[in-house]
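The structure appears right after this line, and notes come after that.
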Amino acid sequence: MNVSRRYASNLEEAKSLVNEGMLKVFQQLHTYNPEFSFGGWVRRVMVNTAIDHFRKVKAYEQRFQDIDGREFTDAYQTNVIDELSVEELLRLVQQLPPAYRIVFSLYAVEEYTHKEIAEQLGISEGTSKSNYAKARAKLQQALAGLSQKNTNQHGQR
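Take the sequence shown: its letter number 83 is residue 91 in the numbering used here, and every next letter is one higher.
Here you go:
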């Protein structure tokens with residue numbers, strides 16, 4: 009479920025991805041090589057299911073959405089991240105547009121290269137890099153907003 013939640017925009021979509029992924033696991037069980045980790049194989053099937061879903065809904069067309077053009081360097085305080093729970097961080101990632109979310113998850117979490125991401129999603133390597141950079145900028149913007157909100161609520165840090 010954790011893999012699917014990273015790629016889905018909400019819990020219902022994640023559940024749907026889990027169901028679809030488990031169906032594929034059973035259908036492709038004959039391709040599993042017992043010399044390798046079963047958990048790793050299942051994880052790969054689940055990631056590929058999320059990628060397939062992403063392709064089906066053509067969500068990557070949103071990759072051209074512009075962020076508001078502002079630059080964020082260290083506009084947020086690092087300790088904001090330390091104060092967030094895993095669920096809160098996951099919620100921030102889930103709020104990204106689908107094209108950014110899937111590239112961010114594949115690159116930052118699954119450790120795919122931009123070349124691998126481009127091949128999997130049918131986009132250029134440059135688009136993968138661009139989407140990753142835009143995802144990071146949106147996350148930095150969200151973190152800066154949280155930092156500002158916390159500062160306003162709790163006084164100066």
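We treat Cβ as the ideally placed atom computed from N, Cα and C, and that holds for glycine.
Query                                                                                                                          : Result
Nearest to glutamine 103 (by Cα), restricted to the options Gln149, His122 and Ala58                                           : Gln149
Residues of its chain near asparagine 18, where Cβ-Cβ distance is below 8 Å and the 5 sequence neighbours each way are ignored : Gln102
Cβ shell of alanine 143 (< 6 Å), same chain only, five flanking positions each side left out                                   : Leu104, Tyr108 and Phe112
Assigned secondary structure, arginine 13 (DSSP; H/G/I helix, E/B strand, else coil)                                           : helix
Span separating the alpha-carbon of isoleucine 59 from that of isoleucine 110                                                  : 8 Å
Spatial distance of arginine 13 from phenylalanine 62 (CA atoms)                                                               : 13 Å
Whole-angstrom C-beta distance between valine 33 and valine 50, which should lie under 8 Å                                     : 6 Å
C-alpha gap between serine 24 and glutamate 119, whole angstroms                                                               : 24 Å
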